[in-house]
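The structure appears right after this line, and notes come after that.
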Amino acid sequence: MISSLTDSLSVLLVDDHPAVGSALAALLERNKIGVIGVAADARAAVDLVTEHRPTVAIIDLGIGEIDGIELTRRVLAISPTTSVLIYSGTGNLALLYEARDAGARGYLLKESPLDDLIRAIDLIARGGSYIDPSLGNYLIQSRGEGPDKPLTGRQIQILRLMSLGQRDADIAANLCISIETVRAHVKRANSRLGVTTRSQAVAEAFRRALIT
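Taking my numbering, the leading residue of the sequence shown gets 350, the next gets one more, and so forth.
Okay, here's the thing in structure tokens:
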């Protein structure tokens with residue numbers, strides 16, 4: 350259970366299924382964890398973060414046009430002191446890396462027991478990190494880049510659009526993300542592919558059959 354943090358802890362839940370969000374809020378409140386709101390989409394989440402600056406934001410990955418990864422970036426841009434926990438139904442390593450790159454402090458699978466969720470909230474609220482035990486030793490705080498790391502789905506998506514001749518501004522508009530986010534993804538993709546230029550990245554992605 351969360352100890353002395355309980356009185357000052359505030360949590361925002363972001364899930365596009367209202368019934369899921371409401372049920373989770375009720376469970377947390379029964380454990381004396383204050384929930385400042387449940388948002389069903391990114392716009393509502395941004396409004397709540399702007400107003401309340403929660404201690405923790407628990408964000409589902411699939412929440413509409415603006416996904417949980419991009420929302421994580423927006424939340425932290427508004428409230429850098431908020432700790433983000435990605436609450437996902439997918440134990441995909443590439444998504445774990447993408448969440449980490451966006452600034453999330455934790456990644457928990459939805460199938461996990463309530464005790465694990467409470468433990469994750471406690472740890473990240475104190476400035477620590479949490480990784481779902483089933484994902485092994487791939488720690489969120491490991492921030493190195495290199496060719497041994499897989500490309501994320503978003504990085505592959507951006508490379509595919511680059512291969513079609515789209516510019517950063519076009520890609521940003523198509524994916525509902527900022528130009529700076531596009532450039533950050535390209536930089537990380539270059540590192541993971543072991544290349545230095547955009548044209549090399551696209552060529553290497555074709556060679557590896559990551560894009561067609």
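Glycine included, each C-beta is placed from N, C-alpha and C at the ideal position.
Cβ-heavy atom distance, residue i to the ligand SAM, below 7 Å
i, result
"Q506", "The ligand SAM is absent from the structure shown, which contains no ligand whatsoever."
Chain-order list of residues whose beta-carbon lies under 6 Å from that of residue i (same chain, five-residue window excluded)
i, result
"L472", "Y479"
"A388", "V363, A394 and L397"
"S428", "V398 and R402"
"L425", "G452"
"I415", "A391 and C525"
"I470", "V405"
Residues that DSSP places opposite residue i in a beta bridge
i, result
"L457", "Y436"
"I407", "L362 and L434"
"G413", "Looking at the DSSP assignment, G413 forms no beta bridge with any residue, so it has no partner."
"I480", "Y456"
"G514", "Answer is none; G514 lacks a bridge partner."
"V384", "V360"
Where residue i falls: helix, strand or coil (DSSP)
i, result
"A389", "coil"
"G502", "helix"
"I507", "helix"
"S491", "At S491, the pLDDT of 46 sits below 50, so the modelled position is not reliable; the number obtained from the coordinates is stated separately. S491: coil per DSSP, three-state reduction."
"G370", "helix"
"V544", "coil"
"A558", "coil"
"N539", "helix"
"N441", "coil"
"R475", "coil"
"I526", "coil"
Through-space distance from residue j to residue i, alpha-carbon basis
i, j, result
"A372", "I526", "30 Å"
"A443", "L484", "12 Å"
"R323", "R509", "Not covered by the structure: residue 323. The range shown for the chain is 350 to 561."
"R547", "V405", "36 Å"
"G476", "L513", "41 Å"
"S357", "G411", "29 Å"
"I520", "V535", "11 Å"
"T545", "I467", "42 Å"
"T588", "I408", "With the chain covering 350 to 561 only, the question about residue 588 has no answer from this structure."
"I418", "R557", "25 Å"
"A554", "V369", "38 Å"
"V551", "M511", "7 Å"
"G386", "D517", "34 Å"
"A538", "Q549", "11 Å"
Within-8 Å CB hit, residue i to chain C
i, result
"E419", "The question asks about chain C, but that chain is absent: this structure has only one protein chain."
Same chain, Cβ closer than 7 Å to residue i, five either side skipped, listed in chain order
i, result
"V384", "V360, L362, A374, L377 and E378"
"G588", "Only positions 350 to 561 of the chain appear in the structure, and residue 588 is not among them; the question remains open."
"K498", "Y446 and R541"
"D465", "L457"
(request) Check whether the stretch 448 to 462 touches the stretch 421 to 437, counting contact only when three or more Cβ pairs, one atom from each stretch, lie closer than 8 Å. (result) yes
(message) Taking contact to mean 3 or more Cβ pairs, one atom from each stretch, closer than 8 Å, check whether the stretch 459 to 469 and the stretch 502 to 516 are in contact.
(response) no
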